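> First the structure, then my questions, so here it is.
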Amino acid sequence: MDELADRARTLDAIDPLAACRRLFTIPEDVVYLDGNSLGALPVAAAARISRAVGEEWGVGLVGSWNSAGWYELPLRLGDRLGALLGVAPGQVAVCDTTTVNLFKALAAALAMRPERSTMVMDHGDFPANLYVAEGALLAAGRPIERRLLADDEQPAVHLDEQVAVVALSHVSYRSGRIRDIAGITRAAHDAGALVIWDLCHSAGVLPLRLDDWQVDFAVGCAYKYLNGGPGAPGWIYVASRHLEVARQPLSGWMGHAAPFDFEPGYRPAPGIRRFLCGTPHVLSLRGVEAGLDTYDGVDIEAVRAKSIALTELFAERVEERVRSGSAGRRGTEIRMVSPRAAAERGSQVALAFADGHAVVRAMIERGVIGDFRAPDVMRFGFQPLYLSHTEAIRAADVLAGCMRDEVWTEERFLRRAVVT
Ligand SMILES: *Cc1c(COP(=O)(O)O)cnc(C)c1O
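In structure tokens, the structure reads:
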């Protein structure tokens, strides 16, 4: 009797998303649990990028800026992505990177609250967000104090009439904990502040309603759950009510009101176009397009339901099979970092273990790809479009096997690669 494996097989048999697996190329015998770092390859991406190279570039040459719609690509894909964010057209651009887009959003938001002198972020946020915020504060042209939330601290305690901006991740890259985006946005607005949400770990796996929630700005990337490919451009959402006044400092020609008039002075384009900077990354945008295609006709509520089932099966299997008491070299036991309640957890399960790096390396050798985030977090991300419930069980079994075998005693698993 294996109750969890039976449940997984039953869920696979009635899985409304099972057919989506065919849209992806994934090496056989690999359980890919790193779609929260780099999504898998959509089958159609190779042909689409190759056509962009061979026909659009090779034959159409410079004329493809018009004839192949290259010029419009950042906003056209923005509107398609906007459907996954729950926003009306004309508010999303696919461009630059998450980091650069966050810089633009921070600068724009700080300038919209010129009389205010503080901002709120989370000390545990993805470090790139903290780094680029340092730069945005330097560039703000006035002294701004940054308040960093401590572990488990809620932003509400910092909200007062001095706060210009609250910039947070919706889902923690490390623990997978979901923040109350609607409630925090409302509280920030009540205090007169603007919000910027980073949706890197929620777009594509959580139902989102940014317009209804009155979110001001949001940013994210397209190469994680959205399967846009390595180095795919990020995206930025700016609520239409701000688009008249919001100005971003990277005032490049693609954000100009009339880029081909070649005027010497900058005039921001009307609408979301003003958040573009330089020339679009056309080939990479074709990858984003192929990634978005995999969501055609997909019900995001079904994605969320399956995501919960996958992470729940994995977590339950870990609890059932991973022997507590396997202490590793440093005498620390494995422990769940992600919230145990499914409603508070995004599409990943994170486990802390001092020798986690060696365990992740050994799991990869056994066909289960997750990743490791220093100092001690093993992350397992579940993209419901291409994973089965049975694979969630298999992954946990492989983890249990690596723990049982005490793989951290093997020299080859202790070496670190440049990218973890
Ligand atoms: C992945 C990730 C980023 C990455 O930003 P890039 O500009 O694409 O390097 C930023 N923020 C968060 C929260 C992320 O998870």
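The sequence shown lines up with residues 6 to 425 when you count with our numbering.
Don't be surprised by glycine CBs; every beta carbon is placed ideally from N, CA and C.
Computed from a prediction, not measured in an experiment: that's the story for all the values here.
1. Can you name the start and end residues of the beta strand (DSSP E) that C226 belongs to?
2. Alpha carbon to alpha carbon, how far is R366 from L404? Give it in angstroms, no decimals.
3. Just to confirm, does F358 get its C-beta within under 7 Å of one of the non-hydrogen atoms of ligand 1?
4. Note down, in chain order, each residue of its chain lying with its Cβ closer than 7 Å to the Cβ of L86, except the 5 sequence neighbours on either side.
5. Is the separation between the beta-carbon of S343 and that of N41 shorter than 8 Å?
6. Per DSSP, which one or two residues make a beta bridge with S174?
7. Would H394 be called buried (16 or more neighbouring beta carbons within 10 Å of its own) or exposed?
8. So, under 8 Å CB-CB, G233 and G292 are touching, yes? Tell me the CB distance rounded to an integer number of Å.
9. Can you give me the C-alpha to C-alpha distance between I189 and R56, rounded to a whole angstrom?
10. Below 8 Å, how does it come out for the region 150 to 170 and the region 190 to 205: are there three or more Cβ pairs, yes or no?
11. Determine the DSSP secondary structure at W75, reduced to helix, strand or coil.
12. Whether or not the region 30 to 46 and the region 366 to 379 are in contact is what I'm after, with contact meaning three or more pairs of Cβ atoms, one per stretch, closer than 8 Å; do they touch?
13. For F222, count neighbouring Cβ atoms within 10 angstroms of its own Cβ and tell me buried if that reaches 16, exposed if not.
14. Going along the chain, which residues of its own chain have a beta-carbon closer than 7 Å to the beta-carbon of V92, five neighbours each way excluded?
15. Report all residues from its chain with a CB closer than 8 Å to the CB of I398; omit the five preceding and five following residues, and keep chain order.
16. Which complete beta strand (DSSP E) runs does the region 267 to 351 hold, if anything under 3 residues is left out?
17. What does W240 pair with, by DSSP beta-bridge criteria?
18. From the DSSP output, read off the bridge partner residues of T427.
19. Hey, would you say the C-beta of Y178 is under 7 Å away from at least one heavy atom of ligand 1?
The structure says:
1. F222 to C226
2. 11 Å
3. no
4. V97, V99, W240 and L297
5. no
6. Beta-bridge pairing by DSSP links S174 to D203.
7. Per the 10 Å Cβ criterion, buried.
8. Rounded, the Cβ-Cβ distance is 5 Å, consistent with contact.
9. 44 Å
10. yes
11. Residue state, collapsed to three classes: coil.
12. yes
13. buried
14. L215, D216 and Y242
15. L9, A10, A13, L318, F319 and R322
16. none
17. V99 and G225
18. Since the first residue shown for the chain is 6 and the last is 425, residue 427 is missing from the structure and cannot be characterised.
19. yes
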